[in-house]
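Novice:
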Amino acid sequence: MGCGAMMKSVMEVLLLLMLFFTAHAKEKSYSPPEKPTQTRCRSPEKETFTCWWEPGSDGGLPTTYALYYRKENSETVYECPDYHTAGENSCFFNKNDTSIWVNYNISVVATNALGRAFSDPVDIDVVYIVEPNPPEKLTVAVMEDKGWPFLLVSWEPPHKADTRSGWITLIYELRVRLEEEEDDWEMHHAGQQKMFNIFSLRSGGEYLVEVRCKPDHGFWSEWSSTSYVKVPDYFHREKSMWILVAVFSAFIFLILTWLLHMNSHSLKHCILPPVPGPKIKGFDNKLLKNGNSDEIFSALVVPNFPPASSSKYEEMLVEYLEVYVPEEPELMLEESKDLLDGCHKSENSRSDSDSGRGSCDSHTLLMDKCGETKEEERQTNRESSLMETQGWKEEAINHDTSGKVKTWPSVYSPLPQYGSNPLDKQSSLETAKQHSLSTSPFLTQPGTKDALGPSYTDFCLSNKENHLHPQTLAHRELQTRSDVNISNIGCKRSSATEYVEVQRVNKEDMVLLQPVVSRCGHIEGFPNLPKGEDYSKVKGVDCDNRLLLQREGTGEDVCPCVDQETNGEGGNCYTSSTVSTTQKPTACMYTAMPLQEETALTLNGYVDTATMGNLPSC
Amino acid sequence: MALKKTDSSKLLMAVCSSVPISDLLDRASQGSDKLHALSTIISQDLNSHFPPIGQVIMPRPSMCHTSSLQTPSDKQQTLQVSESDLLSLARSLLQAWSDPLLMGPAAQTISLLPFSGGNDIGQDRISQLINFNFLLSCFRRDSHKIDSFLKVLRCRATKAQPQMC
Numbered sequence: 001m002g003c004g005a006m007m008k009s010v011m012e013v014l015l016l017l018m019l020f021f022t023a024h025a026k027e028k029s030y031s032p033p034e035k036p037t038q039t040r041c042r043s044p045e046k047e048t049f050t051c052w053w054e055p056g057s058d059g060g061l062p063t064t065y066a067l068y069y070r071k072e073n074s075e076t077v078y079e080c081p082d083y084h085t086a087g088e089n090s091c092f093f094n095k096n097d098t099s100i101w102v103n104y105n106i107s108v109v110a111t112n113a114l115g116r117a118f119s120d121p122v123d124i125d126v127v128y129i130v131e132p133n134p135p136e137k138l139t140v141a142v143m144e145d146k147g148w149p150f151l152l153v154s155w156e157p158p159h160k161a162d163t164r165s166g167w168i169t170l171i172y173e174l175r176v177r178l179e180e181e182e183d184d185w186e187m188h189h190a191g192q193q194k195m196f197n198i199f200s201l202r203s204g205g206e207y208l209v210e211v212r213c214k215p216d217h218g219f220w221s222e223w224s225s226t227s228y229v230k231v232p233d234y235f236h237r238e239k240s241m242w243i244l245v246a247v248f249s250a251f252i253f254l255i256l257t258w259l260l261h262m263n264s265h266s267l268k269h270c271i272l273p274p275v276p277g278p279k280i281k282g283f284d285n286k287l288l289k290n291g292n293s294d295e296i297f298s299a300l301v302v303p304n305f306p307p308a309s310s311s312k313y314e315e316m317l318v319e320y321l322e323v324y325v326p327e328e329p330e331l332m333l334e335e336s337k338d339l340l341d342g343c344h345k346s347e348n349s350r351s352d353s354d355s356g357r358g359s360c361d362s363h364t365l366l367m368d369k370c371g372e373t374k375e376e377e378r379q380t381n382r383e384s385s386l387m388e389t390q391g392w393k394e395e396a397i398n399h400d401t402s403g404k405v406k407t408w409p410s411v412y413s414p415l416p417q418y419g420s421n422p423l424d425k426q427s428s429l430e431t432a433k434q435h436s437l438s439t440s441p442f443l444t445q446p447g448t449k450d451a452l453g454p455s456y457t458d459f460c461l462s463n464k465e466n467h468l469h470p471q472t473l474a475h476r477e478l479q480t481r482s483d484v485n486i487s488n489i490g491c492k493r494s495s496a497t498e499y500v501e502v503q504r505v506n507k508e509d510m511v512l513l514q515p516v517v518s519r520c521g522h523i524e525g526f527p528n529l530p531k532g533e534d535y536s537k538v539k540g541v542d543c544d545n546r547l548l549l550q551r552e553g554t555g556e557d558v559c560p561c562v563d564q565e566t567n568g569e570g571g572n573c574y575t576s577s578t579v580s581t582t583q584k585p586t587a588c589m590y591t592a593m594p595l596q597e598e599t600a601l602t603l604n605g606y607v608d609t610a611t612m613g614n615l616p617s618c
Numbered sequence: 001m002a003l004k005k006t007d008s009s010k011l012l013m014a015v016c017s018s019v020p021i022s023d024l025l026d027r028a029s030q031g032s033d034k035l036h037a038l039s040t041i042i043s044q045d046l047n048s049h050f051p052p053i054g055q056v057i058m059p060r061p062s063m064c065h066t067s068s069l070q071t072p073s074d075k076q077q078t079l080q081v082s083e084s085d086l087l088s089l090a091r092s093l094l095q096a097w098s099d100p101l102l103m104g105p106a107a108q109t110i111s112l113l114p115f116s117g118g119n120d121i122g123q124d125r126i127s128q129l130i131n132f133n134f135l136l137s138c139f140r141r142d143s144h145k146i147d148s149f150l151k152v153l154r155c156r157a158t159k160a161q162p163q164m165c
């Protein structure tokens, strides 16, 4: 009995052990499958299509996959009809199951013993997922075109794609490379044609050609199988030509070298001219080295500079210019040492105090003005209006064509209150300033002192000695015209001592002049003569042809006369007494100078304060 | 050839040189090709701005306003349609899209009035975008149909020029 009991216990232990071991052997855990992923769906010919998916983890248990789809109009769910044709993890839709222009909603389900997992649904339309097969039957041949080879490549569309009926439209692309150059493909776009020519081949090269296709709205196919081709050698044809070219160029090179060598010197001179060294005239470098500075720098001294004498300085001062009028419209200017500033009216606020030299200097200006105003003068009407002051002045200039006319700054000033229309001050005055005035006529500004305001219009003329043409002495034409058209008088020679005065300024800004008919003391149309501090009366004339002015305003009404420069005869010099007796109208010049001390008029009729105290004592 | 009458009752015959139908269809299919390519680009660009959620709530393509037009749904059916029918189908589709707002119930779902603000800004804008995206997808499909029909017709007309097909 002991043996039986022992055997039983051993067997139980063994069983327990076995159970124990088997229990340890199974240590895996199981889980439901992971969600599969749908990778892509493709249709090679727009008649069938295939969908592929990627399974996830299967959870350790055998897992099955199923694809379900639904068409857009119905809710019916169908299962994939064919899991095998396209390989593993795929679903193939044949022609019967494929509808185009219809949305498919596809999802894949993974199932195992513990559960199932759904993939994300995918919406597709078959027409948008077309990817054809590569083209087939690619052939490459070497052809020749005028001695130069080229490759003729041809192919056929994939057999499944129905291009004949126009169901699919394919466009092609090919690529070529040399065998030894990897990844250096030359791409060519072939459009819808099924053949292509490749040029510019390397002689003796080996080429690889591939082609692929794409539907009009779809994806590119894979590259077709490669075609190999070898281009035969045609290098020998080029060789002889290159040899000729090389020999010829070598020959020319030799000639050029020889020419260069022969003319190297002159070429050097031409391309790289020698640079002149610095040199100073009269400067001796050797002296500089010796260190004697006096001798060196004496050479640099320019003699006679700056000019030491001051005698020329005075000559350079131009006080006024004398205008010589030989013929109309010829005018010559001369410098004169007469004091031009004596002609100034010091009281005129508007006078040009720079003595107007610049304007008077203008030779050509005078000529132009004289010439053009002559015609104007003749054309003015017969009214008592005269032409503008500048024109009149020009005429006056021309009167004395042979005489010299001194110019000095016209002591012009505008007449703002005159009449209803003021003069065109600026323009007329400017131009008037630029005119030279003849020696004889004087233009004065009549009117009251109030009317004139702070300024006058005055002309100063004077004659220089010995510059008058004798003929000018006798001219009285200006006078005889009397108070009418002075404008009618052309550029005639007139006497030096003809006076007109401004009667008034009419509407057109014309200064109406009238000769001074009577004694200057009484001018028609002018109520009162400005006297006193504005005017000076001439007391007399001294032998030096200078007018002596009275201190007071009263006294003889003497027209100050500008002495004409005669030949010393003084024929036209009107003293106070003679003025009143002459029948000739004379123009008065009212000097608007303030009554000075006993000052003497200079030759040009202005009181020269500088010559005060130089009364003649003849 | 066309006949024209002038005022003076003279008969003027305007003679047009006959253009081969294959050339005409070739030109037409080139245009339809471009049209579909553009619609694809636009709809893909618009979809890229949509979150994936937006595509789920997209209206069904069966709600396109042209869905009432009976078109072939596979190759066999298409190739069996006569040329005149194909041409009239293409023409009808084109006409339907000349003014899509006037046709069909789908038009009411689309509001193209300028966005005038209000409380529900986001809602309106999203629905507007969704509707526009849906309209674009309908157009993309229809333009593909037109293109396909014209290319089939072109190929049929060029028996003498096999390179066209």
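So the protein lines, in turn, are chains L and V. Each step along the first sequence adds one to the number in full-length UniProt numbering, with nothing skipped, and position 366 is 366. Each step along the second sequence adds one to the number in full-length UniProt numbering, with nothing skipped, and position 129 is 129. The C-beta atom is built at its ideal place from N, Cα and C for all residues, glycine as well. On a predicted model such as this, the values are computed, not experimentally measured, just so you know.
1. Short check: CB of residue 216 of chain L to CB of residue 33 of chain V, under 8 Å?
2. Does any residue of chain L bring its CB to less than 8 Å from the CB of residue 90 of chain V?
3. Are there three or more Cβ pairs, one per stretch, closer than 8 Å when the stretch 203-216 of chain L is compared with the stretch 151-162 of chain L?
4. Under 7 Å Cβ to Cβ from residue 52 of chain L, same chain only, skipping five residues before and after it: list those, please.
5. Is it buried or exposed, residue 76 of chain L, if we count other Cβ atoms within 10 angstroms and call 16 or more buried?
6. Please name the residue in L/160, L/33 and L/62 whose C-alpha comes closest to that of residue 95 of chain L.
7. Taking buried to mean at least 16 other C-beta atoms within 10 Å of its own C-beta, is residue 252 of chain L buried or exposed?
8. Less than 8 Å between the C-beta atoms of residue 190 of chain L and residue 173 of chain L, yes or no?
9. Residue 203 of chain L: which of L/321, L/142, L/278 and L/83 sits nearest, CA to CA?
10. Closest to residue 64 of chain L by C-alpha separation, out of L/33, L/219, L/136 and L/254, would be which residue?
11. Which term fits residue 112 of chain V, buried or exposed, when burial requires 16 or more other beta carbons within 10 angstroms of its beta carbon?
12. So if I threshold CB-CB distances at 8 Å, which residues from the UniProt domain "Fibronectin type-III" (134-234) of chain L count as touching chain V?
13. The alpha helix (DSSP H) with residue 189 of chain L in it runs from where to where?
14. Count the CB pairs spanning the stretch 217-225 of chain L and the stretch 132-139 of chain L that are closer than 8 Å, and state whether there are at least three.
15. Output, in chain order, the set of chain V residues within a Cβ distance shorter than 9 Å of residue 247 of chain L.
16. On the DSSP bridge list, what partners appear for residue 107 of chain L?
17. How is the alpha helix (DSSP H) around residue 268 of chain L delimited, first residue to last?
18. Apart from the five residues on each side of it in sequence, which residues of its chain come closer than 8 Å, Cβ to Cβ, to residue 188 of chain L?
19. Helix, strand or coil, according to DSSP, for residue 158 of chain V in the structure here?
20. Residue 87 of chain L to residue 226 of chain L, Cα distance in whole Å?
21. For the alpha helix (DSSP H) that residue 78 of chain V lies in, which residues bound it at each end?
22. For residue 116 of chain L, list the residues DSSP reports as bridge partners.
23. Please check if any C-beta of chain V sits within less than 8 Å of the C-beta of residue 35 of chain L.
24. What's the C-alpha gap between residue 78 of chain L and residue 57 of chain L?
25. Out of curiosity, what's the CA-to-CA distance linking residue 130 of chain V and residue 67 of chain V?
26. Within 10 Å of its beta-carbon, does residue 93 of chain V have 16 or more other beta-carbons around it, so buried, or fewer, so exposed?
27. Would the beta-carbon of residue 31 of chain L fall within 8 Å of that of residue 60 of chain L?
28. If you check the beta carbons only, do residue 39 of chain V and residue 148 of chain V fall under 8 Å apart?
29. Quick one: list the residues of chain L neighbouring residue 33 of chain V, beta-carbon separation under 9 Å, in chain order.
30. Anyone know if the C-beta pair for residue 69 of chain L and residue 105 of chain L falls short of 8 Å?
31. Going by Cα to Cα distance, which pick from L/127, L/249, L/280 and L/109 is closest to residue 44 of chain L?
32. According to DSSP, residue 142 of chain L sits in a beta bridge with which residue or residues?
33. Please classify residue 128 of chain L: does DSSP put it in a helix, a strand, or coil?
34. Return no unless some Cβ of chain L is closer than 8 Å to the Cβ of residue 37 of chain V.
35. So for residue 127 of chain V, helix, strand or coil by DSSP?
Specialist: Let's see:
1. As a working mapping, residue 216 of chain L is identified with position 216 in the first sequence. As a working mapping, residue 33 of chain V is identified with position 33 in the second sequence. In this structure, residue 33 of chain V lies closer than 8 Å to residue 216 of chain L by Cβ.
2. One-based indexing of the second sequence puts residue 90 of chain V at position 90. No, because no Cβ of chain L sits closer than 8 Å to the Cβ of residue 90 of chain V.
3. yes
4. Indexing the first sequence from 1 puts residue 52 of chain L at position 52. The answer, listed in chain order, is 39, 40, 89 and 90.
5. Position 76 of the first sequence, counting from 1, holds the residue named residue 76 of chain L. It counts as exposed.
6. If you number the first sequence from 1, residue 95 of chain L lands on position 95. Nearest C-alpha to residue 95 of chain L: L/160.
7. Taking the first residue of the first sequence as position 1, residue 252 of chain L is located at position 252. So residue 252 of chain L counts as exposed.
8. Numbered from 1 along the first sequence, position 190 holds the residue referred to as residue 190 of chain L. Numbered from 1 along the first sequence, position 173 holds the residue referred to as residue 173 of chain L. Yes, Cβ-Cβ distance for residue 190 of chain L and residue 173 of chain L is below 8 Å.
9. As a first step, residue 203 of chain L is located in the first sequence; it is residue number 203 there, counting from the start. If we check each option's Cα against that of residue 203 of chain L, L/142 comes out closest.
10. Sequence index remark: in the first sequence, residue 64 of chain L carries index 64 (1-based). Per the Cα distances, L/33.
11. Locating residue 112 of chain V in the second sequence gives position 112, counting from the first residue. Confidence is the limiting factor: at residue 112 of chain V the pLDDT is only 43, short of 50, which leaves the residue's position unreliable and the question unanswerable from this model.
12. 162, 163, 164, 165, 166, 167, 169, 192, 193, 194, 216 and 217
13. For the purposes of this step, residue 189 of chain L is identified with residue 189 of the first sequence, where counting begins at 1. Careful: residue 189 of chain L lies outside any alpha helix (DSSP H), inside the beta strand (DSSP E) at 186-191.
14. yes
15. Against the first sequence, residue 247 of chain L aligns to sequence position 247. Simply none; closest approach about 51 Å.
16. Looking up residue 107 of chain L in the first sequence gives position 107. Paired residue(s): L/68.
17. Position 268 of the first sequence, counting from 1, holds the residue named residue 268 of chain L. Start and end: 264-271.
18. Translated into positions along the first sequence, residue 188 of chain L becomes position 188. Hits under 8 Å: 173, 174, 175, 176, 196 and 198.
19. Taking the second sequence and counting its residues from 1, the one referred to as residue 158 of chain V is at position 158. Correct three-state label for residue 158 of chain V: coil.
20. Indexing the first sequence from 1 puts residue 87 of chain L at position 87. Indexing the first sequence from 1 puts residue 226 of chain L at position 226. Residue 87 of chain L and residue 226 of chain L: Cα-Cα distance of roughly 26 Å.
21. Stepping through the second sequence from its first residue, residue 78 of chain V is reached at position 78. Run containing residue 78 of chain V: 75-80, per the alpha helix (DSSP H) assignment.
22. In the first sequence, the residue the question calls residue 116 of chain L occupies position 116. Beta-bridge pairing links residue 116 of chain L to L/111.
23. Here residue 35 of chain L refers to the residue found at position 35 when the first sequence is read from its first residue. With 8 Å as the cut-off, residue 35 of chain L does not count as an interface residue toward chain V.
24. On the first sequence, residue 78 of chain L is found 78 positions in, with the first residue counted as 1. On the first sequence, residue 57 of chain L is found 57 positions in, with the first residue counted as 1. So the alpha carbons of these two residues sit roughly 25 Å apart.
25. Walking along the second sequence from the start, residue 130 of chain V turns up at place 130. Walking along the second sequence from the start, residue 67 of chain V turns up at place 67. Cα-Cα distance, rounded: 19 Å.
26. Locating residue 93 of chain V in the second sequence gives position 93, where the first residue counts as 1. Answer is buried; the Cβ neighbour count reaches 16.
27. For the purposes of this step, residue 31 of chain L is identified with residue 31 of the first sequence, where counting begins at 1. For the purposes of this step, residue 60 of chain L is identified with residue 60 of the first sequence, where counting begins at 1. Yes.
28. Numbered from its first residue, the second sequence carries residue 39 of chain V at position 39. Numbered from its first residue, the second sequence carries residue 148 of chain V at position 148. Cβ atoms of residue 39 of chain V and residue 148 of chain V: not closer than 8 Å.
29. For the purposes of this step, residue 33 of chain V is identified with residue 33 of the second sequence, where counting begins at 1. Within chain L, the residues near residue 33 of chain V are 169, 216 and 217.
30. Working through the first sequence from its first residue, we reach residue 69 of chain L at position 69. Working through the first sequence from its first residue, we reach residue 105 of chain L at position 105. Yes, they are a contact pair.
31. Numbered from its first residue, the first sequence carries residue 44 of chain L at position 44. If we check each option's Cα against that of residue 44 of chain L, L/127 comes out closest.
32. As a working mapping, residue 142 of chain L is identified with position 142 in the first sequence. Paired residues: L/151.
33. The residue given as residue 128 of chain L occupies position 128 in the first sequence. If DSSP states are grouped into helix, strand and coil, residue 128 of chain L belongs with the helices.
34. Your numbering for residue 37 of chain V matches position 37 in the second sequence. By this cut-off, residue 37 of chain V is an interface position.
35. For the purposes of this step, residue 127 of chain V is taken as residue 127 along the second sequence, with counting starting at 1. Three-state DSSP puts residue 127 of chain V in a helix.
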